[in-house]
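Each residue of the sequence shown is one higher than the one before, counting from -16 in my numbering.
Just so you know, even glycine gets a beta-carbon here, dropped at the ideal spot from N, CA and C.
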Amino acid sequence: MSRKKVDSKEVGLELGLVLGRYFLKTDDLHYGYWPEDLEVDVVNFPKAQKNYSDFIFSHIPKDIHRILDVGSGSGNFAKRLIENKYLVDCVSPS
-16 MSRKKVDSKE VGLELGLVLG RYFLKTDDLH YGYWPEDLEV DVVNFPKAQK
34 NYSDFIFSHI PKDIHRILDV GSGSGNFAKR LIENKYLVDC VSPS
């Protein structure tokens, strides 16, 4: 009987996604952007994550059409980029 090797990084990513969806109601895997007027509280985590994604979007130069997403996590941000007509390459370092 042979055993298949389990990639702990893959398990960690999946676990992070499940916990984030269940407890935080989010599919993003980053800490977010917390402006001074947003109380640092777990209930505000999804808003902080949206703030961060919106912040990045607002700083993409108009003449840029191709994005390299390093540390792409769940792929949620890359999906949003693609929906906005960007060409996206994702790299998830191991």
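How about residue i and residue j: do their beta carbons lie closer than 8 Å?
i	j	result
TYR69	ILE50	yes
ASP11	SER57	yes
ASN34	TYR16	yes
PRO88	LYS62	Coverage of the chain is limited to positions -16 through 77, which leaves residue 88 absent and any answer about it impossible.
PHE85	SER36	A question about residue 85 goes unanswered here, because the residues of the chain that appear run from -16 up to 77.
Could you tell me if residue i is buried or exposed, where buried requires 16 or more neighbouring beta carbons within 10 angstroms of its beta carbon?
i	result
PHE6	exposed
LEU64	buried
GLY(-1)	exposed
So, at 6 Å on beta carbons, what are the nonlocal neighbours of residue i in its own chain, with the 5 sequence-adjacent residues on each side left out?
i	result
VAL74	VAL53
GLY3	THR9
SER55	ALA61, CYS73, SER75
With 8 Å set as the bound, which would you pick, yes or no: does the beta-carbon of residue i sit closer than that to a beta-carbon of chain E?
i	result
LYS45	Looking at the structure shown, chain E is missing, and only one protein chain is on hand.
Which same chain residues, not among the five before or five after residue i, have their C-beta less than 7 Å away from its C-beta?
i	result
HIS48	TYR69, LEU70
GLN32	THR9, ASP11, HIS13, GLY15
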